[in-house]
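Residue numbers (our numbering), protein chains in the order written: chain A, 1 to 350; chain L, 1001 to 1291.
Each residue gets a CB set at the ideal place from its N, CA and C atoms; glycine is no exception.
Worksheet for the structure shown next.
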Amino acid sequence: MRRLNKLTGSAACAAIVLTALPALAEGELNVLTWEGYADPSFIEPFEAATGCKVSATYVGSNDDFAPKLAAGGGVFDLVSPSIDSTAPLIAAGFVQPIDTSRIDEWDNIYEKFRASDGINASGEVYGVPYAWGAISFMYRPDKFDTPPTSLAALWDPALEGRISLWDDKSALYVAARANGDADIYNLTDEQLAAAQEKLIAQRPLVRKYWSSAGELVDLYKSGEVWISNTWAGYQSALLAEEGIEVVEFIPDENAEGWMDSFMIVSGTPNEDCAYQFLNMAISEAGQCGVANVNGYSVANPEAARRCMSEEQFAALHQDDPEYLDSLLLWENLGPRLGDYTNAWNAVKAQ
Amino acid sequence: MTLALSKRNRLRQFLVLSPPLLWTVLFMFAPYTILVVYSFWRAQFPLAVPDFQFGNYIEIFTDPQYARVLLRTAKIAGLVSLLALLLAFPYAYFLAFKVRKPGLRLTLYMAVVAPLWVSYLLRAYTWKTILGTEGLLNSFLMSTGILSEPSSVFLYNQTAMVVTLTYVFIPFMVMPIYAALEKIPPNLIEASGDLGEGAIATFARITVPLAMPGIVAGFTMTFCLSFGDFISPILVGGPDGLMIANVIAAQFGAALNWPLGSALALVMLVIVLGIITASDRFERLGQARLS
């Protein structure tokens, strides 16, 4: 009898699966993206609903997008670079214009993002904004009597060997602001040299330049680092899971902001699936998905309002356009990219 | 008749040789040619434009950061090779001359070689957990009372890089030295003793010269492998750990300057080839002197 039950059970299962099958197998999507942006929690329902199979390849930094696409091969259908790294992809023709009329909730996305230079070129739109946040700073409250509020803490000799900075050209943005140069994306040669000097002066105090989220978490976990910059919401949540308390703060000198958009790789054979993915990404499923998995703020506040609790909505600054406006949103450096990278390499070569 | 035979022979020769030849052309010469071509191009937003100019090379030789990183890389590779030699030679000597049981000898030899089967990344990562502030070394030193509080001097600096690289590449030093020592006929050493030379003189005048090809080969391999390393600076290096391979990676990635990256890669290639040629000469010189 029990066996019979099992049999009928599996037969029923098979029947359900079989009836569900005809809707499936519409295409495959290869997504080059950040960890968490293709989390099973919202990708599996998407695959079940659309039949588009998603395979994600993860990048460690924005530097990975252009070289991977430049190497060619037609491997990827979607990429998700940050706003400062989109320009080379557009200029090189690696990504194709997006028909915003096919994106149902396009108009709900923050105007600031929709109109940003990073995804607009010669009258066409090239990206669908997805998530955003601050490059905030964080520290271990058990190691500070008075909470740090200024970037000066990162140059405090008393913290020698306890400081970490992201191994990225953004270190120059931090140093420039510490120098009082607020226009961090348009530094003159002198200001860039001053930022470089500032970082060279800081280097003996630095324990390690962190190069991945996991590494920064390890550095805090093993007690090596007490203060650093961070991707707001992400590493602090990972550390909280490990039982290590850290406090994020936006220093007096302000912080940079980042925004990631999904872009369609030129000539993809899976355009329909790509558009379905984009629609999912900025609907409740994708927006609350990334907010819950990565702790990032999202680009579509309307979808966020529908699927977030009030506390989460407020905590992610979705109700606070001023916060977003206060951040120094990353910009493409264009021809100056080489000079910035060079300056940062020179710091590490010193 | 003979013509047909030699023709067939040539065909056979060609068939036997063609896979490795094809491989070399496809995966060695073609990529290097592309690299050479790229190194004369000019970086221009978004990527690069074809050109024939020496700007990339001029930049490498005028901007002091590249010389600095190259010197640092050479220093670290040199220290790694030296440390590996100082550890590997006595070990190989002990294996070749002092261990009598073949089974034990094999076991001890494999103890050095076996780690090669474990992922390089994993082995380098292990050193992080050993050298860290809350790592094994600190726990040990504190439990034995040598330290009263954990020290952070072991990890995230050049010493940690040298230690890690030495550990990772020491098999490449042990293997050739052991092979060279093993080939030394025992009667040479006995003859030296019979002729009244002491142990030290025998070692200096017989063993070391005859082991020299192994030493040179081991030194060259360890040096070149360390010279091109870019994982240890990321894993255990500190803010002053940048090596030349990291700079090249940054040019291809962050800076999107493939021409400069190619030029740097070629400069590095020339240095490494130079070292291999020099060691080859050195070895042949030694050989000639011996015979």
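Chain L contact for residue i (CB, 9 Å cutoff)
i: A/T33; result: no
i: A/Y209; result: yes
i: A/A213; result: no
i: A/Q355; result: It is not possible to answer for residue 355 of chain A, since the shown part of chain A is limited to 1 through 350.
i: A/R203; result: yes
i: A/A158; result: no
i: A/N120; result: no
i: A/A25; result: Because A/A25 carries a pLDDT of 42, less than 50, the predicted location of this residue cannot be relied on, and the following value inherits that uncertainty. Chain L contact via Cβ: absent.
i: A/S61; result: yes
i: A/S266; result: no
i: A/N229; result: no
i: A/S222; result: yes
i: A/A414; result: Limits of chain A in this structure are 1 at one end and 350 at the other, which puts residue 414 of chain A out of reach.
i: A/T341; result: yes
i: A/L327; result: no
i: A/R2; result: Its pLDDT being 44, under 50, A/R2 is placed unreliably by the model, and nothing is read from it.
Inter-residue spacing [alpha-carbon to alpha-carbon] between residue i and residue j
i: L/F1052; j: L/V1037; result: 8 Å
i: A/L333; j: L/I1177; result: 52 Å
i: A/L24; j: A/T50; result: Residue placement at A/L24 is poorly supported in this model, since its pLDDT is 41, which falls under 50; the coordinates still yield a value, given next. A/L24 and A/T50: Cα-Cα distance of roughly 7 Å.
i: A/N345; j: A/W210; result: 15 Å
i: A/M308; j: A/A315; result: 10 Å
i: L/A1278; j: L/I1058; result: 26 Å
i: A/P204; j: L/F1219; result: 32 Å
i: L/P1185; j: A/E35; result: 60 Å
i: A/E322; j: A/Y110; result: 12 Å
i: A/P22; j: A/R102; result: Only weak support is given to the placement of A/P22: the predicted model assigns it a pLDDT of 36, under 50, and the value that follows is read from those uncertain coordinates. Near 24 Å, if we compare the C-alpha coordinates of A/R102 and A/P22.
i: A/I282; j: L/S1262; result: 40 Å
i: A/D84; j: A/E302; result: 25 Å
i: L/P1020; j: L/L1011; result: 15 Å
i: A/L159; j: A/L199; result: 15 Å
i: L/D1280; j: L/L1181; result: 19 Å
i: A/E242; j: A/A274; result: 36 Å
i: A/S136; j: A/L328; result: 11 Å
i: A/A195; j: A/K208; result: 18 Å
i: A/S61; j: L/L1137; result: 32 Å
i: L/W1127; j: L/L1017; result: 43 Å
i: A/L4; j: A/V298; result: With a pLDDT of only 41 at A/L4, under the threshold of 50, the placement of this residue in the model should not be trusted, and no figure is reported.
i: L/K1101; j: L/A1092; result: 15 Å
i: L/L1015; j: L/L1026; result: 16 Å
i: A/T86; j: A/V206; result: 31 Å
i: L/P1209; j: L/A1199; result: 15 Å
i: L/S1192; j: L/T1202; result: 6 Å
Proximity test, Cβ basis, 9 Å: residue i and chain A
i: L/Q1053; result: no
i: L/L1133; result: Residue 1133 of chain L is actually Thr in this sequence, not Leu. Yes, its Cβ sits closer than 9 Å to a Cβ of chain A.
i: L/R1292; result: Lying before the first or after the last residue shown, residue 1292 of chain L is absent from chain L, which here runs from 1001 to 1291.
i: L/A1255; result: yes
i: L/D1063; result: yes
i: L/Q1158; result: no
i: L/F1219; result: no
i: L/V1247; result: yes
i: L/G1145; result: no
i: L/P1090; result: no
i: L/A1043; result: yes
i: L/A1030; result: no
i: L/L1210; result: no
According to DSSP, residues forming a beta bridge with residue i
i: A/Y58; result: A/T33
i: A/A121; result: A/E124
i: A/Q96; result: A/I264
i: A/I163; result: A/V206 and A/I227
i: A/L78; result: A/V31 and A/I264
i: A/E248; result: A/M138
i: L/K1007; result: Answer is none; L/K1007 lacks a bridge partner.
i: A/S309; result: According to DSSP, which records beta bridges pairwise, A/S309 is partnered with nothing at all.
i: A/L328; result: A/E256
i: L/A1048; result: L/A1043
i: A/C52; result: A/G27
The ligand NAD heavy atom lying under 8 Å from the CB of residue i
i: A/C273; result: For the structure depicted, the ligand NAD is absent and the ligand set is empty, with no information on it obtainable.
Original post:
Residue ranges of each beta strand (DSSP E) run of no fewer than 3 residues wholly in the stretch 1050–1129 of chain L, ordered along the chain?
Top reply: none
Original post:
Pairing CB atoms from the stretch 1087–1103 of chain L with CB atoms from the stretch 1256–1263 of chain L, are three or more of them under 8 Å?
Top reply: no
**OP:** Could you tell me whether the stretch 132–145 of chain A touches the stretch 182–190 of chain A, using the rule of 3 or more Cβ pairs below 8 Å?
**Re:** no
Original post:
For the stretch 248–258 of chain A against the stretch 147–163 of chain A, are there 3 or more C-beta pairs whose distance is under 8 Å?
Top reply: yes
Original post:
Enumerated in chain order, which unbroken segments of the beta strand (DSSP E) with a length of 3 residues or greater are wholly contained in the stretch 140–186 of chain A?
Top reply: 163–166
Original post:
Is the stretch 1229–1247 of chain L touching the stretch 1150–1157 of chain L in the sense that three or more CB pairs, one from each, lie closer than 8 Å?
Top reply: yes
Original post:
Would you call the stretch 282–296 of chain A and the stretch 115–122 of chain A in contact, with 3 or more CB pairs under 8 Å?
Top reply: no
**OP:** Taking 8 Å as the threshold, find out whether the stretch 1040–1054 of chain L comes into contact with the stretch 1117–1131 of chain L through three or more Cβ pairs.
**Re:** no
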